[in-house]
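A short worksheet on the structure shown next.
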Amino acid sequence: MKAYFISDVHLGLGPREVEKAKENRLLEFLRGALPDTEVLFIGGDLFDFWFDYDTVIPRGFHRTLAALQEFTDAGKRIHYLVGNHDCWMGNFFETEIGVTLHREPFETEVQGKRVHVHHGDGLAENDRGYRMIKPLLRNPFAVRLYRWLHPDIGVRIAHRTSLSSRAYTTTKHYGEEQGMIRYAERVIGEGADIVVMGHHHRPAFMRLGPGVYVNLGDWITYNTYGEMSEGVIELKTWKGMEDFGNVRRT
Ligand SMILES: [Mn+2]
């Protein structure tokens, strides 16, 4: 049985046709992985924006939601760590789909290894601005206020904000990967075996002392995923997509 890891699919990011094609790739991956999955990890930003109301969920992603449901229906666990784009999640994924939702980085044991999962946001040394904004974005009062907007209006605003937040973060990429590696070194020093992140949208696989740092890349450009079996993690490129030079296997 295997553990699979994906991150940064950003469903809903682009034009309809691009998103449909991306979701098709993701669904094919998920359906292929399902039979031998023991646990599926989602490292954040599965959606470019997500907000669930008490009675309403966003349209456009029902096929992905159903595919995830198939995992939990089959008794497979899903660990979903929210990213900076899907951090306004309510309880839909927990109560309806049955995923284990994490709002903070977490560590869990998989196949006898300590796996540490962090989305990767807020680790850049020079990103003090984002670190100040982050608690505000997650402020429960702001979320409650937002809930009162009509979904058609709220989602439109969020999409615009999400785009500007991306423009902001892409200009702030300096030092981001160094910050991630430094963080990975620290938690490996504290006993983690495998540190998994996303957010950077660039796949990476690095041995750091006794541990491994894996950046899962994204499903916008790279279509990369982690596959762990018998305690060994590999970073792979989804079939049919070009292999990238820095995607390595152990
Ligand atoms: Mn992100």
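Numbering of the sequence shown is given in my numbering, commencing with residue 2 and proceeding in unit increments.
Built from N, CA and C at the ideal position, the CB exists for glycine as well.
Between the Cα of Arg145 and the Cα atoms of Arg115, Trp239, Phe52, Tyr131, which residue gives the shortest distance?
Phe52
May I ask which residues mark the beginning and end of the alpha helix (DSSP H) holding Thr65?
63 to 74
Ignore the nearest five residues each way along the sequence and tell me which others in Glu20's own chain have a CB closer than 8 Å to its CB.
Leu12, Gly13, Leu14, Gly61
Around the C-beta of Leu137, are 16 or more other C-beta atoms found within 10 angstroms, so that it is buried, or is it exposed?
exposed
Would you list, in sequence order, the uninterrupted beta strand (DSSP E) runs of no fewer than 3 residues that lie entirely inside the stretch 110 to 136?
114 to 118
Reduced DSSP category for His151 - H, G, I as helix; E, B as strand; rest coil
coil
Compare the Cα-Cα distances from Gly123 to each of Thr65, Ile182, Thr109 and report the closest residue.
Ile182
Whole-Å CB distance - Val100 paired with Met90, under 8 Å assumed
Actually they are not in contact, since the Cβ atoms of Val100 and Met90 sit about 10 Å apart, beyond 8 Å.
His201 by DSSP, collapsed to three states: which one?
coil
Can you grab the Cα-Cα spacing for the pair Met2 / Glu186, in whole Å?
28 Å
Check whether the Cβ of Asn140 sits closer than 7 Å to any heavy atom of ligand 1, and report yes or no.
no
Check whether the Cβ of Asp46 lies closer than 7 Å to any heavy atom of ligand 1, and answer yes or no.
yes
Would you say the beta carbon of His200 comes nearer than 7 Å to a heavy atom of ligand 1?
yes
Buried or exposed: where does Pro36 fall if 16 or more other Cβ atoms within 10 Å of its Cβ makes it buried?
exposed
Using a threshold of 7 Å, is the CB atom of Asp9 nearer than that to any non-hydrogen atom of ligand 1?
yes
Taking only heavy atoms of ligand 1 into account, decide whether any of them is closer than 7 Å to the Cβ of His151.
no
Report all residues from its chain with a CB closer than 6 Å to the CB of Ala159; omit the five preceding and five following residues, and keep chain order.
Phe50
Shorter than 7 Å, the distance from the beta carbon of Asn85 to the closest heavy atom of ligand 1, or not?
yes
For Lys240, the nearest candidate out of Tyr214, Asp153, Arg208, Leu31 (CA to CA):
Leu31
Could you have a look at Phe6 and say whether DSSP puts it in helix, strand or coil?
strand
Using C-beta distances below 7 Å, list every residue in its chain close to Lys114, excluding the 5 sequence neighbours before and after it, in chain order.
Asp194, Ile195, Gly232
My output table needs one value for Leu217: the three-state DSSP class, helix, strand or coil.
coil
First through last residue of the alpha helix (DSSP H) which encompasses Lys237
From DSSP, Lys237 is part of no alpha helix (DSSP H) but of the beta strand (DSSP E) over 233 to 238.
Out of Asp46, Ile43, Pro59, Gly176, point me to the one whose CA is closest to Asp128's CA.
Gly176
In angstroms with no decimal places, state the Cα-to-Cα distance between Gly218 and His202.
4 Å
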